[in-house]
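*Asks:*
Number of protein chains: 2
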Amino acid sequence: MNDHDRIAVAVDVVICMLQNEALTVLLIKRSDQDRWAIPGGIIGVGESLQSAAVRILEEETGMADVYVEQLYTFGEPDRDQRKRVVSVVYYALIPAQQIELKAGSGTDGAAWFNVDELPRLAFDHNEILDYALTRIRNKLEYTDVGFQLLPEEFTLTELQTAYEIVLGEHLDKRNFRRKILQANILHETGGMRTGEGRPAKLYRYRDGAFVEVKARRLFP
Amino acid sequence: MNDHDRIAVAVDVVICMLQNEALTVLLIKRSDQDRWAIPGGIIGVGESLQSAAVRILEEETGMADVYVEQLYTFGEPDRDQRKRVVSVVYYALIPAQQIELKAGSGTDGAAWFNVDELPRLAFDHNEILDYALTRIRNKLEYTDVGFQLLPEEFTLTELQTAYEIVLGEHLDKRNFRRKILQANILHETGGMRTGEGRPAKLYRYRDGAFVEVKARRLFP
Chain A
1 MNDHDRIAVA VDVVICMLQN EALTVLLIKR SDQDRWAIPG GIIGVGESLQ
51 SAAVRILEEE TGMADVYVEQ LYTFGEPDRD QRKRVVSVVY YALIPAQQIE
101 LKAGSGTDGA AWFNVDELPR LAFDHNEILD YALTRIRNKL EYTDVGFQLL
151 PEEFTLTELQ TAYEIVLGEH LDKRNFRRKI LQANILHETG GMRTGEGRPA
201 KLYRYRDGAF VEVKARRLFP
Chain B
221 MNDHDRIAVA VDVVICMLQN EALTVLLIKR SDQDRWAIPG GIIGVGESLQ
271 SAAVRILEEE TGMADVYVEQ LYTFGEPDRD QRKRVVSVVY YALIPAQQIE
321 LKAGSGTDGA AWFNVDELPR LAFDHNEILD YALTRIRNKL EYTDVGFQLL
371 PEEFTLTELQ TAYEIVLGEH LDKRNFRRKI LQANILHETG GMRTGEGRPA
421 KLYRYRDGAF VEVKARRLFP
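First to last, the protein sequences are chains A and B. Each step along the first sequence adds one to the number in our numbering, with nothing skipped, and position 96 is 96. To convert, take the position in the second sequence, counting from 1, and add 220; that gives our numbering.
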């Protein structure tokens, strides 16, 4: 048996959703661990990394058509006391909705946790979540990740609220609207959100808009 | 033997340096392959991913204190015909200098290649290099990666040339200087580069400057 035969490759998936004015992450209680953990599992020998991520997401949430992206690979030798496991971590962003959690095999339960109120997790999973949140916050500005957390149509207030929750800070309303409209990444649907308060215009994200924004870079 | 015991974990390192007005990458001729390849190897059971990357860099170039960052993990089941290998890819950026290539064990030679004139490489290594170059180009604008390719002290012309080579496009001199000075990421050393032409002011990158630039983001 060679050295490398003693190393296992896992895929873990950080699944995030906005709910109750908070950014939440799906955690599972594994049968073999006292602590909550990010859902994941060992990859199959014929399974690509991305396929494993999509499979794990589907096992936990029943959802298939979701934004999934590779985050980082964690491989410190002592991150799992039982065996050397290299974990390729993905993250998935889901628009707010009712989801019936399924708790895959080998788990005793699943639940959403506010990212600001996490317990101490199994393995290096607190570190992984810190890394994931930093990445999502950084990407909010120059990619469409923010829109993955929203329904297809949204008001500017809903958009601002989503950004405020993820960034964890208050944004000036007038400034936010001016910048987001100047960036030319939205288009009006023509519809209005009615309900409490004044009716508000509905917007959609303009597909590919951030690619153009990115092209207007610092050194053109 | 379980499925996961048949998967090996490798670390590959994309090593880039500017030379002769080109961005070049270090490739090796592996004894077991007809084609040139990115240097790399199977990780040791007690070795972290980052340590493996630093070890490979040192084996090939003799250099230790170099900017190394994880890029992406490639794990398609068929990327290596002989065995399932998941490869965690790092990239390293080296300031231009004379390097005595050492060609580590299991290799028949090593050489620098212009990234715009690559042969067909082993495995999925062309795809990996495409991905690496895209990442480096994108990060040029909002991180200090560009400065990793330069000596500690440089003129604005040298900086512009480095950016032009990496981006593969001409930049307007006046525009470039205005933007780079406005961004407040450099400080003058007080020294001058003399030689051919007019003496030119020497600059250094202001450590951590890009963290501040990043903080001045689209939605403050």
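Ideal placement from N, C-alpha and C gives every residue a C-beta, glycine not left out.
1. Identify which residue in Y205/A, A200/A, V14/A and D130/A has its Cα closest to the Cα of L93/A.
2. Just by C-beta distance, which residues in the segment 282-299 of chain B are closer than 7 Å to chain A?
3. Kindly indicate which three-state DSSP category I185/A falls into: helix, strand or coil?
4. Classify H224/B: buried if its beta carbon has 16 or more other beta carbons within 10 angstroms, exposed otherwise.
5. Can you tell which of E378/B, Q253/B, K303/B and V286/B has the C-alpha that lies nearest to the C-alpha of A228/B?
6. Chain B beta carbons: is any one of them nearer than 8 Å to that of I128/A?
7. Does the contact criterion of 3 or more C-beta pairs under 8 Å hold for the segment 412-429 of chain B versus the segment 373-384 of chain B?
8. In chain A, what lies closer than 8 Å to S268/B by C-beta?
9. Contact criterion: CB-CB distance below 8 Å. Does I7/A meet it with respect to chain B?
10. Assign S31/A to one of two classes, buried (16 or more other C-beta atoms within 10 Å of its C-beta) or exposed (fewer than that).
11. How would you call Q148/A, buried or exposed, if buried means at least 16 neighbouring beta carbons within 10 angstroms?
12. From what residue to what residue does the alpha helix (DSSP H) around S48/A run?
13. Can you give me the C-alpha to C-alpha distance between K421/B and E408/B, rounded to a whole angstrom?
14. Check the Cβ-Cβ distances between V386/B and every residue of chain A, and say whether any is below 8 Å.
15. Measure how close the beta-carbons of V89/A and L71/A come, nearest whole angstrom, since I'm counting them as under 8 Å.
16. So which residues on chain A does V274/B lean against when the C-beta distance must stay under 8 Å?
17. Return the residue from the list Q97/A, P39/A and L181/A that minimises the CA-CA distance to P151/A.
18. Just reading off the alpha helix (DSSP H) that K359/B is part of, what are its end residues?
19. From the DSSP output, in three-state form, read off I28/A for me.
20. Looking at the unbroken alpha helix (DSSP H) that takes in F215/B, where does it start and where does it end?
21. Drop a sphere of 10 angstroms on the beta-carbon of H345/B, count the other beta-carbons inside from all chains shown, and report buried for 16 or more, exposed for fewer.
22. Using a Cβ-Cβ cut-off of less than 8 Å, give me the residues of the segment 300-320 of chain B that come near chain A, in sequence order.
23. Taking DSSP as the reference, what is the three-state secondary structure of E337/B?
24. So, is E505/B buried or exposed, given that buried needs 16 or more other C-beta atoms within 10 angstroms?
25. With DSSP as the reference, label I258/B as helix, strand or coil.
26. Just the Cα atoms here: how many angstroms apart are N184/A and A209/A?
27. Can you tell which of A272/B, E278/B and E296/B has its C-alpha closest to the C-alpha of I319/B?
28. Is it the case that the Cβ atoms of V306/B and G295/B are separated by a distance below 8 Å?
29. Can you give me the C-alpha to C-alpha distance between A382/B and A37/A, rounded to a whole angstrom?
30. Could you run through the segment 18-30 of chain A and flag, in chain order, every residue whose CB is less than 7 Å away from some CB of chain B?
31. Would you mind sorting D78/A into buried or exposed? The rule is 16 or more other CB atoms within 10 Å of its CB.
32. I think L247/B touches V335/B, with their Cβ atoms under 8 Å apart; what is that distance to the nearest whole Å?
33. DSSP on A215/A, reduced to helix/strand/coil?
34. Residues in the same chain with beta-carbon distance under 7 Å from F113/A, minus the five sequence neighbours each way, listed in chain order, please.
35. If we define contact as Cβ-Cβ less than 8 Å, is V233/B a contact residue for chain A?
36. Between V365/B and chain A, is the shortest Cβ-Cβ distance under 8 Å, so that the two count as touching?
*Replies:* Working from what's here:
1. V14/A
2. Q290, Y292, T293, G295, E296 and P297
3. coil
4. The predicted model places H224/B with a pLDDT of 45, which falls under 50 and marks its position as unreliable; any figure quoted below should be read in that light. The residue in question, H224/B, is buried, as its Cβ has 16 or more Cβ neighbours within 10 Å.
5. K303/B
6. no
7. yes
8. G75, E76 and P77
9. yes
10. exposed
11. buried
12. Here S48/A belongs to no alpha helix (DSSP H), and DSSP marks it neither H nor E.
13. 7 Å
14. no
15. 5 Å
16. None at all; the shortest Cβ gap to chain A is about 14 Å.
17. Q97/A
18. H345 to K359
19. strand
20. Given that chain B is displayed from residue 221 to residue 440, the structure contains no residue 215/B and the question cannot be resolved.
21. buried
22. R304, V306 and V308
23. coil
24. This structure does not reach residue 505/B, given that chain B is present from 221 up to 440, and the question cannot be answered.
25. coil
26. 7 Å
27. E278/B
28. yes
29. 44 Å
30. none
31. exposed
32. Their Cβ separation, rounded to whole angstroms, is 10 Å, which puts L247/B and V335/B out of contact at 8 Å.
33. For A215/A, the predicted model reports a pLDDT of 47, less than 50, meaning its position is unreliable; a value from the coordinates is still stated below. Residue state, collapsed to three classes: helix.
34. T24, V25 and L27
35. no
36. no
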